[in-house]
Amino acid sequence: MLANESVNPIRKGRALTPFSLPVLPTGRKAVGRNKEPRFSNGVNLTLNTQHSTLNMAEPLLEVKNLKKYFPIRGGILSKPIGYVYAVDGVSFFLNKGESLGLVGESGCGKSTTARVILRLIEPTEGEILFEGKDICRLDRKGMRAVRRNMQIVFQDPYASLDPRRTVEQIIGEPLDVFRISTKKERKERVAYLLQKVGLSPDHARRYPHEFSGGQRQRIGIARALALNPKLIIGDEPVSALDVSIQAQVINLLEDLQKEFNLSYIIIAHDLAVVEHVCDRIAVMYLGRIVELAKDKELYTAPVHPYTVALLSAIPIPDPKITRKRIILEGDVPSPMRPPAGCHFHTRCSRKKDVCQSAIPKLTEIKEGHFVACHFS
Ligand SMILES: Nc1ncnc2c1ncn2[C@@H]1O[C@H](COP(=O)(O)OP(=O)(O)O)[C@@H](O)[C@H]1O
Ligand code: SF4
Ligand SMILES: [Mg+2]
Numbered sequence: 019m020l021a022n023e024s025v026n027p028i029r030k031g032r033a034l035t036p037f038s039l040p041v042l043p044t045g046r047k048a049v050g051r052n053k054e055p056r057f058s059n060g061v062n063l064t065l066n067t068q069h070s071t072l073n074m075a076e077p078l079l080e081v082k083n084l085k086k087y088f089p090i091r092g093g094i095l096s097k098p099i100g101y102v103y104a105v106d107g108v109s110f111f112l113n114k115g116e117s118l119g120l121v122g123e124s125g126c127g128k129s130t131t132a133r134v135i136l137r138l139i140e141p142t143e144g145e146i147l148f149e150g151k152d153i154c155r156l157d158r159k160g161m162r163a164v165r166r167n168m169q170i171v172f173q174d175p176y177a178s179l180d181p182r183r184t185v186e187q188i189i190g191e192p193l194d195v196f197r198i199s200t201k202k203e204r205k206e207r208v209a210y211l212l213q214k215v216g217l218s219p220d221h222a223r224r225y226p227h228e229f230s231g232g233q234r235q236r237i238g239i240a241r242a243l244a245l246n247p248k249l250i251i252g253d254e255p256v257s258a259l260d261v262s263i264q265a266q267v268i269n270l271l272e273d274l275q276k277e278f279n280l281s282y283i284i285i286a287h288d289l290a291v292v293e294h295v296c297d298r299i300a301v302m303y304l305g306r307i308v309e310l311a312k313d314k315e316l317y318t319a320p321v322h323p324y325t326v327a328l329l330s331a332i333p334i335p336d337p338k339i340t341r342k343r344i345i346l347e348g349d350v351p352s353p354m355r356p357p358a359g360c361h362f363h364t365r366c367s368r369k370k371d372v373c374q375s376a377i378p379k380l381t382e383i384k385e386g387h388f389v390a391c392h393f394s
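Heads up: take any position in the sequence shown, counting from 1, add 18, and you land on my numbering.
This is the structure in structure tokens:
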């Protein structure tokens, strides 16, 4: 067995709340204190260990009215005959050093939002401001500079690592792409990063198939850290892992964030996963954010009927507390034909006539708590 697959489920000093995952002690050992190597060509990739509270309120990322409609083509001329309204007017900001959870059922547009923010695909409409600059207006050179600061950790640690490459080649690839290091420096940095994610420098020579799912995800995290980014987007980073391993990886992400002052967007289809690691949570339904609030507030005082229903499905491990399970009627409508007005009206028990024609705006109902419902 390789490093860090131990199975003590609860991190010391932390209570399990009704929505908690068991939390495992990665501790400071996993996020090792080994010395960070430097580069001979003057590039400074020193990970920022100053967890400043001063810059907490500076937005790193602002997303404004983001839309992504995928054309559906048909006929012999392959003309658009319709659209998949995958992301339909999403707005939020992310402060430096903050983590935001993006939660919603499968197909609601979470991954598309991530891919557009990273400009892996182009938006149909909207603005993406990274450190105040609209990245949609940047040319290839400008975008290359921004890309160093934005990295992604994918859902499937089996599919996201090239099986023919060694761990050193995988983690060192971003350094090669940006021509940052000599061979020796790359080796040193890979060893450093492996220790930071709770693996051993000896693992650098091995291939992905020699690792478990949790360890592969640690390799994916090390790769994301290679260029000392400011933002990491985790697209369901633990969904494919066993529950006990999920908690270890979540702990690792949390420790790395504190140590390196990273900002995160953590995507999940399950509210329980993001609770630990996220400061604020945005709930998505059919391409739109329906509620956004600080984590505790969202879990204890949800307002949007969809959030209330999602939370009611999470069991509370305390027999004294009971909560009525709300079963949503019907399926999520197709994003090719989203309902008019409030997208949620076909399943909402509180709907009125206005809900079928007018789109509810995401409105601040109290400080930092935003809800898109005509009756909130
Ligand atoms: N390249 C694409 N072309 C057409 N439709 C797409 C494409 N990528 C995603 N979609 C559709 O967009 C919707 C949102 O997908 P996605 O963002 O992957 O959802 P999530 O990550 O929340 O599960 C889904 O209906 C999906 O089928
Ligand atoms: S706007 Fe209407 S349909 Fe939508 S969540 Fe509110 S009450 Fe329900
Ligand atoms: Mg997805």
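Cβ coordinates follow ideal geometry from the N, Cα and C atoms, glycine included.
Between the alpha carbons of residue i and residue j, how many angstroms are there, rounded?
{"i": "Phe229", "j": "Ala300", "result": "33 Å"}
{"i": "Pro356", "j": "Cys366", "result": "14 Å"}
{"i": "Lys379", "j": "Glu254", "result": "27 Å"}
{"i": "Tyr87", "j": "Gly100", "result": "9 Å"}
{"i": "Ile263", "j": "Lys370", "result": "44 Å"}
{"i": "Val102", "j": "Asp152", "result": "25 Å"}
{"i": "Val164", "j": "Thr364", "result": "41 Å"}
{"i": "Val215", "j": "Leu147", "result": "30 Å"}
{"i": "Asp220", "j": "Cys391", "result": "54 Å"}
{"i": "Asp172", "j": "Ser178", "result": "Per the sequence presented here, residue 172 reads as Phe, with Asp not at that position. Using only the alpha carbons, I get a separation of about 7 Å."}
{"i": "Val292", "j": "Leu316", "result": "12 Å"}
{"i": "Ile237", "j": "Leu120", "result": "23 Å"}
{"i": "Gly348", "j": "Ile268", "result": "33 Å"}
{"i": "Tyr303", "j": "Asn167", "result": "28 Å"}
{"i": "Ile170", "j": "Lys202", "result": "26 Å"}
{"i": "Ser38", "j": "His294", "result": "Caution applies to Ser38, whose pLDDT of 38 falls short of 50 and renders its modelled position unreliable; the model cannot decide the point."}
{"i": "Pro181", "j": "His227", "result": "7 Å"}
{"i": "Glu206", "j": "Arg183", "result": "18 Å"}
{"i": "Ser375", "j": "Gly359", "result": "4 Å"}
{"i": "Asp313", "j": "Val208", "result": "34 Å"}
{"i": "Glu417", "j": "Lys97", "result": "With the chain covering 19 to 394 only, the question about residue 417 has no answer from this structure."}
{"i": "Arg162", "j": "Asp260", "result": "35 Å"}
{"i": "Arg368", "j": "Pro351", "result": "18 Å"}
{"i": "Ala48", "j": "Arg241", "result": "Low confidence applies to Ala48: its pLDDT is 47, below 50, so where it sits in the model is not reliable, and the reading given next is rough at best. So the alpha carbons of these two residues sit roughly 16 Å apart."}
{"i": "Val105", "j": "Asp336", "result": "37 Å"}
{"i": "Val41", "j": "Cys126", "result": "The predicted model places Val41 with a pLDDT of 38, which falls under 50 and marks its position as unreliable, so this point remains unresolved."}
{"i": "Asp174", "j": "Leu271", "result": "16 Å"}
Mind checking residue i: buried by the 16 CB within 10 Å criterion, or exposed?
{"i": "Ile188", "result": "buried"}
{"i": "Gly93", "result": "exposed"}
{"i": "Pro323", "result": "buried"}
{"i": "Gly232", "result": "buried"}
{"i": "Lys128", "result": "buried"}
{"i": "Ile383", "result": "exposed"}
{"i": "Gly45", "result": "Residue placement at Gly45 is flagged as unreliable, the pLDDT there being 40, under the threshold of 50; the coordinate-derived value follows with that caveat. Counting Cβ neighbours within 10 Å, Gly45 comes out exposed, since fewer than 16 surround it."}
{"i": "Val372", "result": "exposed"}
{"i": "Asp157", "result": "exposed"}
{"i": "Ala132", "result": "buried"}
{"i": "Ala319", "result": "exposed"}
{"i": "Thr200", "result": "exposed"}
Is residue i near ligand 2 - that is, is its Cβ less than 7 Å away from at least one heavy atom of it?
{"i": "Arg306", "result": "no"}
{"i": "Phe278", "result": "no"}
{"i": "Cys126", "result": "no"}
{"i": "His392", "result": "yes"}
{"i": "His387", "result": "no"}
{"i": "Pro356", "result": "no"}
{"i": "Phe362", "result": "yes"}
{"i": "Pro378", "result": "yes"}
{"i": "Pro323", "result": "yes"}
{"i": "Cys154", "result": "no"}
{"i": "Cys373", "result": "yes"}
Cβ of residue i versus every heavy atom of ligand 3: is any distance shorter than 7 Å?
{"i": "Glu123", "result": "no"}
{"i": "Asp288", "result": "no"}
{"i": "Glu116", "result": "no"}
{"i": "Ser367", "result": "no"}
{"i": "Ser129", "result": "yes"}
{"i": "Asp253", "result": "yes"}
Quick check: is any heavy atom of ligand 1 less than 7 Å from the C-beta of residue i?
{"i": "Pro353", "result": "yes"}
{"i": "Val256", "result": "no"}
{"i": "Gly108", "result": "In the sequence as displayed, the identity of residue 108 is Val instead of Gly. Not under cutoff, so the answer is no."}
{"i": "Val102", "result": "yes"}
{"i": "Phe88", "result": "yes"}
Of all the CB atoms in chain D, is at least one closer than 8 Å to the CB of residue i?
{"i": "Gly127", "result": "As a matter of chain content, chain D is missing from the structure shown, which is built from one protein chain."}
Is the beta carbon of residue i within less than 7 Å of some heavy atom of ligand 4?
{"i": "Asp260", "result": "Annotation note on ligand 4: not contained in the displayed structure, which lists ligand 1, ligand 2 and ligand 3 as its ligands."}
#### Entry: Stretch pair the stretch 105-112 + the stretch 74-89: three plus CB contacts closer than 8 Å
These segments touch.
### Message
With three or more beta-carbon pairs closer than 8 Å as the criterion, would you say the stretch 276-283 touches the stretch 339-350?
### Response
With a cut-off of 8 Å, the stretch 339-350 and the stretch 276-283 do not count as touching, because too few Cβ pairs lie within range.
### Message
Is it the case that the stretch 235-253 contacts the stretch 186-201, given that we only count it when at least three CB pairs across the two stretches are under 8 Å?
### Response
The stretch 186-201 is in contact with the stretch 235-253.
### Query
Should the stretch 379-391 be regarded as contacting the stretch 304-321, the criterion being three or more beta carbon pairs within less than 8 Å?
Yes, since at least three Cβ pairs between the stretch 379-391 and the stretch 304-321 fall closer than 8 Å, the two stretches touch.
### Task
Return the chain-ordered ranges of every alpha helix (DSSP H) run that is complete within the stretch 308-360 and spans a minimum of 4 residues.
DSSP runs (the alpha helix (DSSP H)) wholly in the stretch 308-360: 313-318, 323-330.
### Query
Taking the runs of the alpha helix (DSSP H) that are 4 residues or longer, which of them lie wholly in the stretch 101-186?
Fully enclosed alpha helix (DSSP H) runs of 4 or longer: 128-135, 158-165.
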